[in-house]
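Engineer: One structure, pasted below without further comment.
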Amino acid sequence: MLQELEGKVAVVTGAGSGIGAALCRGFADEGMRVVVADIDATRAQAVASSLPESIACVVDVADGDAVARLADDAFAAWGQVDVLCNNAGVFQGGLSWERSVVDWDWVLGVNLYGIIHAIRSFVPRMIAQGTDGHIVNTASVAAFVAGAASSPYVVSKCAAFSLSECLALDLAAVGSTIGVSVLTPSSIDTAIAHTAAVRPTRFGRDDTPDGAMVAQGLAAITGQGIPPAEVVGPVLAAIRSGEFLVPTKPSYAAQIRNRFESLIERQLPAHIGVD
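For the working numbering, count along the sequence shown from 1 and bump the result up by 8.
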(Lines of atoms letter the chains of each structure in order from A; the text may use other names.)
(Lines give C-alpha, C1' and ligand atoms only; values in the text may rest on other atoms or scores of the structure.)
Protein backbone atom coordinates (compact mmCIF):
# COMPACT_ATOMS: atom_id res chain seq x y z
CA MET A 9 0.00 0.00 0.00
CA LEU A 10 1.19 3.47 -0.89
CA GLN A 11 0.70 5.55 2.25
CA GLU A 12 2.89 8.59 1.61
CA LEU A 13 2.12 10.48 -1.59
CA GLU A 14 4.18 13.65 -1.21
CA GLY A 15 7.02 13.71 -3.72
CA LYS A 16 5.66 10.74 -5.65
CA VAL A 17 4.83 10.75 -9.36
CA ALA A 18 1.37 10.17 -10.83
CA VAL A 19 0.50 9.58 -14.48
CA VAL A 20 -3.13 10.24 -15.42
CA THR A 21 -4.64 9.58 -18.85
CA GLY A 22 -7.78 11.31 -20.02
CA ALA A 23 -6.53 14.13 -17.81
CA GLY A 24 -7.64 17.12 -19.85
CA SER A 25 -11.08 17.33 -18.26
CA GLY A 26 -13.56 15.59 -15.98
CA ILE A 27 -12.40 12.90 -13.59
CA GLY A 28 -8.87 12.91 -14.98
CA ALA A 29 -8.36 16.63 -14.43
CA ALA A 30 -9.84 16.37 -10.94
CA LEU A 31 -7.45 13.53 -10.08
CA CYS A 32 -4.49 15.59 -11.30
CA ARG A 33 -5.48 18.46 -9.02
CA GLY A 34 -6.04 16.09 -6.12
CA PHE A 35 -2.64 14.50 -6.57
CA ALA A 36 -0.99 17.92 -6.81
CA ASP A 37 -2.69 18.93 -3.55
CA GLU A 38 -0.99 15.89 -1.97
CA GLY A 39 2.39 17.19 -3.10
CA MET A 40 2.76 14.81 -6.03
CA ARG A 41 4.36 15.47 -9.38
CA VAL A 42 1.86 14.83 -12.15
CA VAL A 43 2.01 13.75 -15.79
CA VAL A 44 -1.13 15.15 -17.43
CA ALA A 45 -1.86 12.97 -20.47
CA ASP A 46 -4.69 13.61 -22.91
CA ILE A 47 -5.45 13.32 -26.61
CA ASP A 48 -6.25 17.05 -26.65
CA ALA A 49 -3.01 19.05 -26.35
CA THR A 50 -4.72 22.31 -25.40
CA ARG A 51 -6.67 20.78 -22.55
CA ALA A 52 -3.68 18.81 -21.26
CA GLN A 53 -1.52 21.93 -21.21
CA ALA A 54 -4.25 23.95 -19.49
CA VAL A 55 -4.47 21.44 -16.64
CA ALA A 56 -0.70 21.06 -16.36
CA SER A 57 -0.22 24.83 -16.26
CA SER A 58 -2.47 25.04 -13.21
CA LEU A 59 -0.35 22.59 -11.20
CA PRO A 60 2.94 23.29 -9.39
CA GLU A 61 4.95 20.32 -10.68
CA SER A 62 3.62 18.75 -13.84
CA ILE A 63 4.19 18.05 -17.49
CA ALA A 64 1.62 17.75 -20.28
CA CYS A 65 1.78 14.86 -22.74
CA VAL A 66 -0.37 14.30 -25.80
CA VAL A 67 -1.33 10.65 -26.19
CA ASP A 68 -3.92 8.58 -28.02
CA VAL A 69 -4.13 5.62 -25.64
CA ALA A 70 -5.56 3.39 -28.39
CA ASP A 71 -2.10 3.61 -30.00
CA GLY A 72 0.30 1.27 -28.21
CA ASP A 73 3.37 3.07 -29.54
CA ALA A 74 2.03 6.39 -28.25
CA VAL A 75 1.51 4.91 -24.78
CA ALA A 76 5.06 3.52 -24.83
CA ARG A 77 6.32 7.03 -25.60
CA LEU A 78 4.23 8.37 -22.71
CA ALA A 79 5.98 5.94 -20.37
CA ASP A 80 9.36 6.99 -21.75
CA ASP A 81 8.50 10.66 -21.21
CA ALA A 82 7.26 10.10 -17.67
CA PHE A 83 10.32 8.16 -16.57
CA ALA A 84 12.64 10.57 -18.37
CA ALA A 85 11.06 13.51 -16.55
CA TRP A 86 11.16 12.16 -13.01
CA GLY A 87 12.78 8.74 -13.04
CA GLN A 88 9.85 6.96 -11.46
CA VAL A 89 6.10 6.40 -11.62
CA ASP A 90 4.30 5.59 -8.39
CA VAL A 91 0.63 5.99 -9.32
CA LEU A 92 -0.83 5.16 -12.73
CA CYS A 93 -4.41 6.16 -13.45
CA ASN A 94 -5.77 4.65 -16.66
CA ASN A 95 -8.70 7.00 -16.89
CA ALA A 96 -9.12 7.83 -20.59
CA GLY A 97 -12.57 6.79 -21.78
CA VAL A 98 -14.99 7.29 -24.65
CA PHE A 99 -18.63 6.46 -25.34
CA GLN A 100 -20.42 5.18 -28.42
CA GLY A 101 -24.16 4.65 -28.28
CA GLY A 102 -26.55 2.83 -30.56
CA LEU A 103 -27.96 -0.62 -31.16
CA SER A 104 -25.35 -3.37 -31.14
CA TRP A 105 -26.11 -4.59 -34.66
CA GLU A 106 -25.95 -1.04 -36.02
CA ARG A 107 -22.44 -0.38 -34.75
CA SER A 108 -19.63 -0.63 -37.27
CA VAL A 109 -16.41 -2.51 -36.66
CA VAL A 110 -14.57 0.81 -36.39
CA ASP A 111 -17.04 1.95 -33.71
CA TRP A 112 -16.09 -1.13 -31.70
CA ASP A 113 -12.42 -0.63 -32.49
CA TRP A 114 -12.51 2.93 -31.20
CA VAL A 115 -14.30 2.22 -27.93
CA LEU A 116 -12.38 -0.95 -27.15
CA GLY A 117 -9.19 0.74 -28.32
CA VAL A 118 -9.50 3.49 -25.73
CA ASN A 119 -11.44 1.89 -22.87
CA LEU A 120 -9.77 -1.53 -22.90
CA TYR A 121 -6.64 -1.50 -25.02
CA GLY A 122 -5.66 1.85 -23.53
CA ILE A 123 -5.33 0.04 -20.21
CA ILE A 124 -3.61 -2.96 -21.79
CA HIS A 125 -1.05 -0.72 -23.49
CA ALA A 126 -0.36 1.09 -20.21
CA ILE A 127 0.04 -2.17 -18.30
CA ARG A 128 2.59 -3.35 -20.85
CA SER A 129 4.50 -0.06 -20.92
CA PHE A 130 4.43 0.99 -17.26
CA VAL A 131 4.08 -2.06 -15.03
CA PRO A 132 7.46 -3.72 -15.75
CA ARG A 133 9.23 -0.45 -14.90
CA MET A 134 7.11 0.10 -11.81
CA ILE A 135 7.94 -3.41 -10.60
CA ALA A 136 11.63 -2.81 -11.30
CA GLN A 137 11.55 0.25 -9.02
CA GLY A 138 11.04 -2.11 -6.10
CA THR A 139 8.82 0.41 -4.32
CA ASP A 140 5.18 0.55 -3.32
CA GLY A 141 2.88 1.78 -6.06
CA HIS A 142 -0.72 1.80 -7.17
CA ILE A 143 -2.72 1.50 -10.39
CA VAL A 144 -6.25 2.86 -10.73
CA ASN A 145 -8.27 1.76 -13.76
CA THR A 146 -11.47 3.63 -14.55
CA ALA A 147 -14.31 1.27 -15.40
CA SER A 148 -17.97 2.16 -14.76
CA VAL A 149 -21.10 1.13 -12.94
CA ALA A 150 -21.83 -0.38 -16.38
CA ALA A 151 -19.51 -3.20 -15.33
CA PHE A 152 -22.35 -4.31 -13.04
CA VAL A 153 -25.49 -2.99 -14.74
CA ALA A 154 -25.83 -3.16 -18.52
CA GLY A 155 -27.95 -0.89 -20.64
CA ALA A 156 -29.63 -0.97 -24.03
CA ALA A 157 -28.08 0.90 -26.96
CA SER A 158 -24.64 1.12 -25.36
CA SER A 159 -23.02 -2.26 -25.99
CA PRO A 160 -19.50 -1.13 -27.03
CA TYR A 161 -19.21 0.97 -23.88
CA VAL A 162 -20.66 -1.66 -21.54
CA VAL A 163 -18.51 -4.44 -23.01
CA SER A 164 -15.38 -2.30 -22.69
CA LYS A 165 -16.09 -1.44 -19.07
CA CYS A 166 -16.87 -5.03 -18.09
CA ALA A 167 -13.56 -6.00 -19.67
CA ALA A 168 -11.72 -3.19 -17.87
CA PHE A 169 -13.11 -4.44 -14.57
CA SER A 170 -12.05 -8.04 -15.23
CA LEU A 171 -8.64 -6.91 -16.45
CA SER A 172 -8.17 -5.02 -13.19
CA GLU A 173 -8.91 -8.18 -11.22
CA CYS A 174 -6.44 -10.17 -13.29
CA LEU A 175 -3.78 -7.48 -12.94
CA ALA A 176 -4.16 -7.45 -9.15
CA LEU A 177 -3.80 -11.23 -9.03
CA ASP A 178 -0.81 -11.19 -11.37
CA LEU A 179 0.99 -8.58 -9.28
CA ALA A 180 0.31 -10.50 -6.09
CA ALA A 181 1.55 -13.71 -7.72
CA VAL A 182 4.98 -12.17 -8.35
CA GLY A 183 5.17 -10.63 -4.89
CA SER A 184 4.80 -7.04 -6.07
CA THR A 185 3.75 -4.32 -3.64
CA ILE A 186 1.87 -2.47 -6.38
CA GLY A 187 -1.82 -2.29 -5.57
CA VAL A 188 -4.74 -2.13 -7.99
CA SER A 189 -8.07 -0.38 -7.68
CA VAL A 190 -10.92 -0.11 -10.15
CA LEU A 191 -12.99 3.07 -10.19
CA THR A 192 -16.64 2.46 -11.08
CA PRO A 193 -18.32 5.84 -11.61
CA SER A 194 -22.04 6.18 -12.07
CA SER A 195 -23.40 9.59 -13.05
CA ILE A 196 -20.57 12.14 -13.07
CA ASP A 197 -20.79 15.61 -14.63
CA THR A 198 -18.23 15.06 -17.40
CA ALA A 199 -18.07 15.35 -21.19
CA ILE A 200 -18.15 11.56 -21.76
CA ALA A 201 -21.19 11.96 -24.03
CA HIS A 202 -19.22 14.28 -26.32
CA THR A 203 -16.03 12.26 -26.78
CA ALA A 204 -16.81 11.81 -30.49
CA ALA A 205 -15.30 15.29 -30.87
CA VAL A 206 -11.83 13.82 -30.25
CA ARG A 207 -12.36 10.59 -32.16
CA PRO A 208 -9.27 10.08 -34.37
CA THR A 209 -9.92 10.19 -38.10
CA ARG A 210 -8.74 6.60 -38.55
CA PHE A 211 -11.89 5.52 -36.71
CA GLY A 212 -14.21 7.51 -38.98
CA ARG A 213 -17.33 9.22 -37.71
CA ASP A 214 -20.70 8.03 -36.43
CA ASP A 215 -23.57 9.88 -38.10
CA THR A 216 -26.34 7.41 -37.23
CA PRO A 217 -29.56 8.72 -35.63
CA ASP A 218 -29.53 6.13 -32.84
CA GLY A 219 -25.96 7.02 -31.88
CA ALA A 220 -26.84 10.71 -31.64
CA MET A 221 -30.01 9.95 -29.67
CA VAL A 222 -28.20 7.90 -27.05
CA ALA A 223 -25.42 10.48 -26.75
CA GLN A 224 -28.01 13.19 -26.10
CA GLY A 225 -29.66 11.05 -23.45
CA LEU A 226 -26.34 10.36 -21.77
CA ALA A 227 -25.48 14.06 -21.78
CA ALA A 228 -28.74 14.82 -19.98
CA ILE A 229 -27.95 12.19 -17.33
CA THR A 230 -24.32 13.16 -16.76
CA GLY A 231 -25.28 16.82 -16.62
CA GLN A 232 -27.16 16.00 -13.42
CA GLY A 233 -24.26 13.97 -12.00
CA ILE A 234 -21.92 14.72 -9.14
CA PRO A 235 -18.89 16.97 -9.72
CA PRO A 236 -15.72 15.10 -10.74
CA ALA A 237 -13.92 16.54 -7.69
CA GLU A 238 -16.03 14.29 -5.46
CA VAL A 239 -14.29 11.25 -6.95
CA VAL A 240 -10.85 12.33 -5.72
CA GLY A 241 -11.31 11.53 -2.03
CA PRO A 242 -12.41 7.92 -2.58
CA VAL A 243 -9.54 7.33 -5.02
CA LEU A 244 -6.95 8.69 -2.59
CA ALA A 245 -8.43 6.57 0.19
CA ALA A 246 -8.24 3.45 -1.99
CA ILE A 247 -4.62 4.12 -2.89
CA ARG A 248 -3.73 4.37 0.80
CA SER A 249 -5.87 1.45 1.99
CA GLY A 250 -5.39 -0.89 -0.95
CA GLU A 251 -9.14 -1.28 -1.50
CA PHE A 252 -9.97 -2.79 -4.88
CA LEU A 253 -13.42 -1.37 -5.64
CA VAL A 254 -13.89 2.40 -5.69
CA PRO A 255 -17.58 3.27 -6.12
CA THR A 256 -18.83 6.83 -6.50
CA LYS A 257 -21.99 6.04 -4.58
CA PRO A 258 -21.89 4.90 -0.94
CA SER A 259 -22.29 1.32 -2.08
CA TYR A 260 -23.19 -0.77 -5.09
CA ALA A 261 -24.00 -3.69 -2.83
CA ALA A 262 -27.65 -3.84 -3.90
CA GLN A 263 -26.84 -3.77 -7.62
CA ILE A 264 -24.12 -6.39 -7.28
CA ARG A 265 -26.31 -8.64 -5.13
CA ASN A 266 -29.27 -8.33 -7.50
CA ARG A 267 -27.08 -9.10 -10.49
CA PHE A 268 -25.71 -12.33 -9.10
CA GLU A 269 -29.04 -13.43 -7.67
CA SER A 270 -30.56 -13.01 -11.14
CA LEU A 271 -27.74 -15.01 -12.70
CA ILE A 272 -28.13 -17.78 -10.13
CA GLU A 273 -31.79 -17.93 -11.16
CA ARG A 274 -30.68 -18.00 -14.82
CA GLN A 275 -32.41 -14.70 -15.51
CA LEU A 276 -31.29 -11.55 -17.30
CA PRO A 277 -29.90 -9.18 -14.64
CA ALA A 278 -31.44 -5.80 -13.99
CA HIS A 279 -30.45 -3.24 -16.58
CA ILE A 280 -30.49 0.46 -17.32
CA GLY A 281 -33.29 1.40 -19.69
CA VAL A 282 -33.00 3.94 -22.49
CA ASP A 283 -36.09 6.01 -23.34
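Think of the CB as a built atom: it goes at the ideal place given N, C-alpha and C, for glycine as much as any other residue.
Nothing here was measured: the structure is a model prediction, and the numbers come from that model.
#1: Name the DSSP beta bridge partners of CYS166, please?
#2: Identify which residue in HIS279, GLU273 and VAL20 has its Cα closest to the Cα of HIS142.
#3: Mind checking which residues open and close the beta strand (DSSP E) that includes VAL239?
#4: Output needed for SER170: all residues of its chain with C-beta closer than 7 Å, excluding positions within five of it in sequence on either side, in chain order.
#5: Checking the sheet assignment: what are the DSSP bridge partners for GLY141?
#6: Our contact map puts GLY34 next to VAL240 with C-beta atoms below 8 Å; I'd like the distance itself, whole angstroms only.
#7: Pick helix, strand or coil for ASN94, following the three-state DSSP scheme.
#8: Does the distance from the CB of PHE152 to the CB of GLN275 come in under 8 Å?
#9: How would you label VAL182, buried or exposed, when you count the other beta carbons within 10 angstroms and need 16 or more for buried?
#10: Please look up how many angstroms separate the CB atoms of ARG51 and GLY24, rounded, as I've assumed it's under 8 Å.
#11: Once the 5 residues before and after TRP105 are set aside, which same chain residues still bring their CB inside 7 Å of it?
#12: Do ARG207 and GLN11 count as a contact pair if the criterion is CB distance below 8 Å?
#13: Tell me, please, which residues DSSP counts as bridged to LEU271.
Structural biologist: Let's see:
#1: None, per the DSSP bridge assignment.
#2: VAL20
#3: VAL239 -> not in any beta strand (DSSP E); alpha helix (DSSP H) instead, spanning 237 to 249.
#4: none
#5: ILE186
#6: 4 Å
#7: strand
#8: no
#9: exposed
#10: 3 Å
#11: none
#12: no
#13: BP columns for LEU271 are empty, so no partner.
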